[in-house]
Amino acid sequence: MKLARTVEAVRQAVRDARDGGARHVGLVPTMGALHRGHYSLIDAAGRGCDFVVVSIFVNPTQFGPGEDYQEYPRSWQADCAGCESRGVDVLFAPSVEEMYPEGFATTVHVAGLTEGLCGRSRPGHFDGVCTIVSKLFNAVGPDVAFFGAKDYQQAVVVRRMVADLNMPVRIELCPTVREADGLALSSRNQRLSPAERAQAPALFESLRLARELVAGGQRAAAEVVAEIRACLERRAPLGRIDYVEIVHPDTLRAVEEIDGAVLVAVAVRFASARLIDNMLVDPSAPAD
Ligand code: AMP
Numbered sequence: 000m001k002l003a004r005t006v007e008a009v010r011q012a013v014r015d016a017r018d019g020g021a022r023h024v025g026l027v028p029t030m031g032a033l034h035r036g037h038y039s040l041i042d043a044a045g046r047g048c049d050f051v052v053v054s055i056f057v058n059p060t061q062f063g064p065g066e067d068y069q070e071y072p073r074s075w076q077a078d079c080a081g082c083e084s085r086g087v088d089v090l091f092a093p094s095v096e097e098m099y100p101e102g103f104a105t106t107v108h109v110a111g112l113t114e115g116l117c118g119r120s121r122p123g124h125f126d127g128v129c130t131i132v133s134k135l136f137n138a139v140g141p142d143v144a145f146f147g148a149k150d151y152q153q154a155v156v157v158r159r160m161v162a163d164l165n166m167p168v169r170i171e172l173c174p175t176v177r178e179a180d181g182l183a184l185s186s187r188n189q190r191l192s193p194a195e196r197a198q199a200p201a202l203f204e205s206l207r208l209a210r211e212l213v214a215g216g217q218r219a220a221a222e223v224v225a226e227i228r229a230c231l232e233r234r235a236p237l238g239r240i241d242y243v244e245i246v247h248p249d250t251l252r253a254v255e256e257i258d259g260a261v262l263v264a265v266a267v268r269f270a271s272a273r274l275i276d277n278m279l280v281d282p283s284a285p286a287d
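In numbering that gives the first Met the number 0, the protein residues as written are 0 to 287.
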């Protein structure tokens, strides 16, 4: 595995790979502290591509003031070993100065889709995401980029950006990887206190409850939202609900009547970490 610290180095590595016959270059953008969720994306890239680049960059511009940029978990040695053992070809780990040199002045903004859900409580977050993802796409030039469904809004926003700006890359969405108790894997989970960790599976439980309610015939989104809130308040009293929303999976606009597939999305703020989760719920799907 090659380690690239600069845009020029990663560009050269991909150029060499293409000269050597690589036809499908895959990129997995991450902020490190890699877990099985990230590795599922890396494995998907390995299956679908003949050259895999993983980027590790804790992107300061997607953290708001007072958010956890400084405390964001970092585990460089383990991440390197994990990527190496999975056959990653290039690990791209630039410095902040490499990505945002003196005089940097450009922001990529996707309107509309970024206003609700996480965008409401994290103003500017998706501008930071879109700007860094654009830069990573320009540096690496991947054919396919792999994103996780845990950050569903992020994937929808990136897809919009790619279409609007004619970026020649396909966005692949991979399923959320969970702990045995349903908690979606997240680098931030390691910051939860034992008591918070015990309550954190409530997010997934509340989503399962939503699915059951819809399977049982409930079609009023407001009723489902109220049940989810009650479940979260009961099962995760240490958390403060940031949002519970039922939206159209493409437009991310709030839905009142559930008459097709919807995205049910929740965010809960614990003292040590803010957690998000979501589930696609389709009223025409059989209950399990
Ligand atoms: P992050 O390092 O948190 O920025 O995440 C990098 C990528 O991994 C994003 O596309 C995330 O959606 C994805 N990811 C994070 N957690 C999970 C998970 N539990 N399952 C699947 N993908 C995930």
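Using N, Cα and C, we set each Cβ at its ideal position, and we do this for glycine too.
Fully enclosed alpha helix (DSSP H) runs of no fewer than 4 residues occupy 35–47, 75–84 and 95–98 of the region 29–116, in order along the chain. The three-state reading of DSSP puts LEU208 in helix, counting H, G and I together.
A Cβ-Cβ separation of about 11 Å leaves ASP88 out of contact with VAL139 under the 8 Å criterion. DSSP places VAL280 inside the beta strand (DSSP E), whose first and last residues are 273–280. A contact is defined here as three or more CB-CB pairs under 8 Å, and the region 232–245 meets this definition with respect to the region 258–276. Comparing C-alpha distances from PHE56 to each of VAL13, GLY65, LEU40 and THR5 shows the shortest one belongs to THR5.
For ALA197, there is no enclosing beta strand (DSSP E); the residue is found in the alpha helix (DSSP H) stretching over 193–198.
For ALA284, there is no enclosing beta strand (DSSP E), as DSSP gives it neither H nor E.
Here VAL24 is not near ILE41, since their CB atoms are 8 Å or more apart. Three or more beta-carbon pairs drawn from the region 180–197 and the region 17–36 are found closer than 8 Å, and the two stretches are therefore classed as touching. In the same chain as ARG22, and ignoring 5 residues on each side of it, the C-beta atoms closer than 7 Å to its own belong to ASP49, in chain order.
Secondary structure of ILE245 (DSSP, three-state): strand. The criterion of a C-beta distance shorter than 8 Å is satisfied by PRO282 and ARG218. In the assembly as shown, PRO64 is an exposed residue. Its beta-carbon has fewer than 16 other beta-carbons within 10 Å.
Remark: C-beta atoms of GLN69 and GLY127 do not approach each other more closely than 8 Å. For the region 214–260, the full-length beta strand (DSSP E) segments reaching 3 residues or more read 239–246 along the chain.
Contact between the region 109–123 and the region 150–169 is present: 3 or more CB-CB pairs across the two stretches fall below 8 Å. Contact annotation: ILE257 and VAL213 have beta-carbon atoms nearer than 8 Å. Counting other Cβ atoms within 10 Å of its Cβ, LEU182 reaches 16 or more and is therefore classed as buried.
Rounded to whole angstroms, ASN165 and ARG234 show a C-alpha spacing of 45 Å.
In the DSSP assignment, ARG177 falls outside any alpha helix (DSSP H), carrying neither H nor E.
Secondary structure at VAL168: coil, using DSSP grouped into helix, strand and coil. Ligand 1 never approaches ASP276 closely enough for any of its heavy atoms to be under 7 Å from the residue's Cβ. The beta carbons of TYR151 and ASN277 sit closer together than 8 Å.
If you draw a 10 Å sphere on the C-beta of ASP78, you find 16 or more other C-beta atoms in it, and that means buried. Non-local C-beta neighbours of MET160 in its own chain, meaning closer than 6 Å and more than five positions away in sequence, comprise VAL109 and CYS129, ordered along the chain.
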